[in-house]
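If you read the sequence shown in full-length UniProt numbering, its first letter stands for residue 1, the second for the next number, and so on.
Just so you know, even glycine gets a beta-carbon here, dropped at the ideal spot from N, CA and C.
Remarks on the structure that follows.
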Amino acid sequence: MDNPNIREDIQILQLKLEELRKNGVTDSFELEMEIINTMTDFYDKYPSLVKRLCREENQDNTFLFKMIDMLEKVNVGEKSLASVELNLSEELAGKYLYPVLQKENEAKAAQEKEKTD
């Protein structure tokens, strides 16, 4: 990663967003504008990350930090990018995609059973 302090920068950003929200700034666009004005360099490097963090309050960033950990391991040669991508994508699919597909398949099977009964 090109920013060795990204974890700390994200924590600073989260604290700043928390403070802004406590002061009544809740609109994601207004929050983003405040960050653009106060953390310009970080916003220039990671605009999508800032937008994501501005959109939702109290979000779980466990997976975000896991991704950062894995990218750091790629950078020091402990892991290959391909293996990291595969593992992270499987984890995301297991959490979000497979449960939805399972429910859809169960619903489809129930409909088919009703047709045959």
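Examine the Cβ distances between the stretch 45-65 and the stretch 76-85 and report whether three or more of them are shorter than 8 Å. Result no; under three Cβ-Cβ pairs closer than 8 Å.
How many whole angstroms separate the CB atoms of LYS16 and ILE36, which I take to be in contact at a CB cut-off of 8 Å? The Cβ separation is near 12 Å, so there is no contact.
Which of the three DSSP states is assigned to MET39 in this structure? Correct three-state label for MET39: coil.
Unbroken alpha helix (DSSP H) run spanning PRO47, endpoints: First-last of the alpha helix (DSSP H) with PRO47: 47-55.
Report the residue from GLU30, THR26, GLU91, TYR43 whose alpha carbon sits nearest the alpha carbon of GLU57. Ranking the options by Cα distance to GLU57, first place goes to THR26.
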